[in-house]
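Colleague:
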Amino acid sequence: MDIHPYYISKAEDVFGLMKFDDDADPMPLAAWAQGAERYEIVFCTSDGHIVGHGRYYHTMAGDVAYADDETTKRYRLIANEAGGARYQIGRQIGRPVVVVGASRFSGPATHRAQA
Numbered sequence: 014m015d016i017h018p019y020y021i022s023k024a025e026d027v028f029g030l031m032k033f034d035d036d037a038d039p040m041p042l043a044a045w046a047q048g049a050e051r052y053e054i055v056f057c058t059s060d061g062h063i064v065g066h067g068r069y070y071h072t073m074a075g076d077v078a079y080a081d082d083e084t085t086k087r088y089r090l091i092a093n094e095a096g097g098a099r100y101q102i103g104r105q106i107g108r109p110v111v112v113v114g115a116s117r118f119s120g121p122a123t124h125r126a127q128a
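Position one of the sequence shown corresponds to residue 14 (the working numbering), numbered consecutively onward.
1) E83 by DSSP, collapsed to three states: which one?
2) With distances taken between CB atoms, is the gap from A37 to D60 smaller than 8 Å?
3) With a threshold of 8 Å, are at least 3 pairs of Cβ atoms found where one atom belongs to the region 102-109 and the other to the region 67-78?
4) Note down, in chain order, each residue of its chain lying with its Cβ closer than 6 Å to the Cβ of M31, except the 5 sequence neighbours on either side.
5) Please classify R68: does DSSP put it in a helix, a strand, or coil?
6) In terms of DSSP beta bridges, what is E53 paired with?
7) Rounded to the nearest angstrom, what separates I21 and R51 at their Cα positions?
8) Who are the Cβ neighbours of L90 in its own chain at under 8 Å, not counting the five residues just before and after it?
9) Give the secondary structure of V75 by DSSP, where H, G and I count as helix, E and B as strand, and everything else as coil.
10) Using only the alpha-carbon positions, how far apart do A128 and A43 sit?
11) Considering only their Cβ atoms, is the gap separating I63 from G114 smaller than 8 Å?
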């Protein structure tokens, strides 16, 4: 699958904003974002690896993100709300994890990524 340079550029923007490692690979995140639906999220390590998936759900309190069933089972999450899940996953794999929503991949890109 070819990844459009826009998504690579936006992944690089996310990396800078969320303090990813300098040598983090934007391709996994860009590839995910290119096909992601609006309310999807991923759990991502600072080196650019995607370690889980989830989505936002609309509730009376507002939109809340949760890990999906596969991610919840894989890491045996006690709570699957994204904030708690991020912490639990990070402890299990031994490195920081951030939550990245598909909404980060909208609007103008600020980099000129090379395809």
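Ideal Cβ placement from N, Cα and C applies to all residues, glycine included.
Since the model is a prediction, treat every value here as computed from it, not as a measurement.
Modeller: By the coordinates alone:
1) helix
2) In terms of Cβ geometry, A37 and D60 form a close pair [threshold 8 Å].
3) no
4) V111
5) Assigned with DSSP and collapsed to three states, R68 falls in strand.
6) R68
7) 17 Å
8) A80, T84, G97, A98, Q101 and I102
9) Just to set this straight, residue 75 is Gly in the shown sequence, not Val. Strand at G75.
10) Annotation note: pLDDT 49 at A128 (below 50); position unreliable, coordinate value reported separately. Those two C-alpha atoms are separated by around 11 Å.
11) no
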